[in-house]
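> For my numbering, count along the sequence shown from 1 and bump the result up by 55.
We put the CB at the ideal spot given by N, CA and C, even for glycine.
Computed from a predicted structure; not experimentally measured.
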Amino acid sequence: MNIKQNDQAEELRQAIQDVTKNNEESELASSEEDKQKDDSSPEIDILNLPPRNEVHKDTSKMRFKINLSLLRFIFMVVLLLALAGLIIWFV
56 MNIKQNDQAE ELRQAIQDVT KNNEESELAS SEEDKQKDDS SPEIDILNLP
106 PRNEVHKDTS KMRFKINLSL LRFIFMVVLL LALAGLIIWF V
């Protein structure tokens, strides 16, 4: 049983070494890709950004203004449709 446990431990050590080796290789490859991406993209100076209110000054939401008479008309139409539906259902 002791030999079997040693074999399992050795297999685990080998698996961990493989994983760490692959991670190191992928980190090297990703760092090279990051350097290439950094060269192509412009660097943004975070300290010199405009204030938020200036950036969002021109954006506005579309708003619907519903006056009281239109709201009353819509309510009456819905009420009449519901009433007509009930009358048709029970007759």
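(1) Give the DSSP-derived three-state secondary structure of Asn103 in the structure shown.
(2) Which class does Ser124 belong to by DSSP, given the choice of helix, strand or coil?
(3) Tell me whether Lys116 sits in a helix, a strand or coil according to DSSP, three-state version.
Straight from the coordinates:
(1) helix
(2) helix
(3) coil
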